[in-house]
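For reference, the structure discussed in these notes is given below.
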Amino acid sequence: MAPEQSPDTDASADSGLMDKIVNLSKRRGFVFQSAEIYGGFRSTYDYGPIGVLLLRNVKDQWWRSMVQMRHDVVGLDAAILAPPQVFEASGHLANFTDPLVDCRNCNERFREDQLDDPSLCPNCGGKDTFTEARAFNLMFKTHAGPVEGAGHDVYLRPETAQGMFTNFMNVLNTTRKKPPFGIAQIGKSFRNEITPGNFVFRTREFEQMEMEFFVPPADSQQWYEYWCNERYQWYIDLGIPEDKLRLRAHDADELSHYSSGTSDVEYLFPWGWGELEGVANRGDYDLTQHAEHSGERIEFFDQAANEKYKPHVIEPAAGATRAMMSFLLSAYDEEQVGDDTRTVLRLDHRLAPYKVAVLPLSKKEELIGPCEEILAQLQPRYMTDYDITQAIGKRYRRQDEIGTPYCVTVDFDTLDDKAVTIRERDSMEQVRVPIAELVTHLDERLTA
Ligand code: GAP
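For the sequence shown, the residue numbers in the working numbering are -7 to 440.
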């Protein structure tokens, strides 16, 4: 719960890449500025037709590795709105704050801990123009029902984690799981960040992928190390290069009051190293707090040892939107092809928004029929794009830019040989494959 640190800077970072990603996102429909027709809602973003697929694939891969492929983790989808008691117990009402300063000269607001020089306003250049720092709570507050005021306050959750702690006994009693076991959740969280920025890196509304892993206290260090390693590997496995990823253990003075160990998985963004995910050893802090504040018994009875205990918690907490951005940045490539520069997103197949695009060489009626038959075969298996106009070279480039691994081209020969051309994104190699073998051919290459 400690405020996030400012990212380190690194001179080798490529700042032009960021502009290219922002530009591509808008141009191809990954990410749009929210409420753009009204001038835009600052630091809030909408995920367009391609972005929603990429973000969904990131979340699906997380769910697959954290829930589907394990027997010791179950899922949850808890409410976004919660009463103040939850956040009194968690400590968010008292402690989830950033130090806010106002410039008396230009009225801009800053997070004091993110200023290079705490006496100099980066907006107007004023010296010693800042007010005293005050603790600004990052939670969004609203009210339930038509009446405002005490007794009706509710908060938008600033993390998904509390839902796992408040439901710990419900899950324990309904699933027959026992420690070590985890509860995983993907969902929106909200923080009234003072200085959102760097595109979707820090926004006020974002998605998290969090898992609370409950373990016998004596085993917590071993599980902490296990999850640090697992989570680092997850990004590598999905295509983040090793020289752009690091696992950084927090120094003692960075640790939250409840944590006996935290490591961040960090990515080398164009502006420097930034956090993708934190893995924390939270001890029994959360279950103890909720037991005390609710008056409920929150513990595990170990029948074999005939003893009760409060499990300790290891928490890998990732940002889905940040992860998506790191996959985009890593995949972006430009290469010279003849006189042309080809932009290609070398995304892992599992993350690619569309797996296949079906492209008739011409929009003439006789080619549309075979295309529709092919679509009927592919659509139940893969997200498939269909694009019928423009020169075929331009259509290939469009698919390269959104990371589509395979293009299937239907031409006039198809009418005779009942075959299509399959073009592979990275090598641009083309092979002729009978339509009857198309699904098998793609399955062999796309199924992880
Ligand atoms: N339950 C622990 C927790 O929420 P956190 O480090 O504050 O820990 C976890 O958040 C992850 O959520 C971060 O590593 C980051 O990827 C993502 N995240 C946090 N604040 C964010 C923001 N304002 N915008 C986008 N992602 C954010």
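Heads up, the beta-carbon is just placed ideally off N, CA and C, and yes, glycines get one too.
Query                                                                                                                                                                    : Result
Do you know whose CA, among Asp90, Ala344 and Thr280, lies nearest Val44's CA?                                                                                           : Ala344
Taking 8 Å as the cut-off, does the CB of Ser181 come closer than this to any heavy atom belonging to the ligand GAP?                                                    : yes
Based on the DSSP secondary-structure assignment, which residues constitute the bridge partners of Glu204?                                                               : Ile175
If you reduce the DSSP assignment to three classes, tell me which class His242 lands in.                                                                                 : coil
Apply the 10 Å Cβ neighbour rule to Asp478 and answer buried if 16 or more other Cβ atoms are within range, or exposed otherwise.                                        : The structure shown has nothing for residue 478, since the chain only spans -7 to 440.
Does at least one heavy atom of the ligand FAD sit under 8 Å from the Cβ of Phe102?                                                                                      : With respect to the ligand FAD, the structure offers nothing, as its ligand set consists of the ligand GAP.
Determine whether the beta carbon atoms of Leu430 and Leu353 lie at a separation below 9 Å.                                                                              : no
Going by beta carbon distance, what residues of the same chain come within less than 7 Å of Ala323, once the five residues before and after it are set aside?            : Gly231, Leu337, Arg338, Leu339 and Gly395
For Ser252 versus Asn273, is the C-beta distance shorter than 9 Å?                                                                                                       : yes
Does the beta-carbon of Arg56, which I'm using as the reference point, lie nearer than 8 Å to any heavy atom of the ligand GAP?                                          : no
Within the chosen definition, does the stretch 355 to 372 reach the stretch 405 to 416 through at least 3 CB pairs nearer than 8 Å?                                      : yes
Could you give the uninterrupted runs of the alpha helix (DSSP H) lying entirely in the stretch 317 to 398, keeping only those of 4 residues or more?                    : 357 to 370 and 384 to 393
Is Leu47 a contact residue of the ligand GAP, with contact defined as CB to any heavy atom under 8 Å?                                                                    : no
Kindly indicate the opening and closing residues of the beta strand (DSSP E) around Ile306.                                                                              : His304 to Gly311
Hey, how far is the Cα of Asp243 from the Cα of Thr254?                                                                                                                  : 9 Å
Among the residues of its own chain, which have a CB less than 8 Å from the CB of Tyr374, if the five just before and after it don't count?                              : Tyr346, Lys347, Val348, Leu434 and Leu438
From what residue to what residue does the alpha helix (DSSP H) around Phe128 run?                                                                                       : Phe128 -> not in any alpha helix (DSSP H); beta strand (DSSP E) instead, spanning Arg126 to Asn129.
Can the beta-carbon of Leu73 be found less than 9 Å from the beta-carbon of Leu148?                                                                                      : yes
Would you check if the stretch 194 to 205 and the stretch 293 to 307 touch, i.e. whether three or more CB-CB distances between them fall below 8 Å?                      : yes
In whole angstroms, give me the CA-to-CA distance for Phe33 and Gln25.                                                                                                   : 7 Å
Straight-line CA distance for Val192 to Lys12?                                                                                                                           : 14 Å
If you scan the stretch -2 to 62 from start to end, which runs of the alpha helix (DSSP H) of 4 or more residues do you find wholly inside it?                           : 7 to 20 and 43 to 55
Roughly how many angstroms separate the alpha carbons of Tyr250 and Phe157, rounded to a whole number?                                                                   : 14 Å
Could you say which of Ala127, Leu68 and Gly141 lies nearest to Asn184 if we only look at CA atoms?                                                                      : Ala127
Using 8 Å for Cβ pairs, my map puts Leu268 next to Ser318. What's the rounded Cβ distance?                                                                               : 6 Å
For Arg103, I'd like the list of residues in its chain whose CB is within less than 6 Å of its CB, leaving aside the five on either flank, ordered along the chain.      : Asp90, Ile186 and Thr187
Could you give the first and the last residue of the continuous beta strand (DSSP E) run that contains Ala272?                                                           : Gly264 to Gly275
Within 8 Å: the Cβ of Arg389 and any heavy atom of the ligand GAP?                                                                                                       : no
How do the stretch 68 to 83 and the stretch 43 to 60 stand: do at least 3 beta-carbon pairs fall below 8 Å, yes or no?                                                   : no
What does the alpha-carbon distance come out to for the pair Thr376 and Ile414?                                                                                          : 14 Å
DSSP three-state label for Leu438, please.                                                                                                                               : helix
I need the boundaries of the alpha helix (DSSP H) containing His84, first residue and last residue.                                                                      : His84 to Asn87
Excluding the five sequence neighbours on either side, which residues of its own chain have a C-beta within less than 7 Å of the C-beta of Asn97, listed in chain order? : Cys113, Cys116, Gly118 and Thr121
Roughly how many angstroms lie between the CA atoms of Thr1 and Ala368, to the nearest whole one?                                                                        : Residue placement at Thr1 is flagged as unreliable, the pLDDT there being 40, under the threshold of 50; the coordinate-derived value follows with that caveat. Each residue's alpha carbon lies about 50 Å from the other.
When DSSP labels each residue in this structure, what does Thr134 get in the three-state scheme?                                                                         : strand
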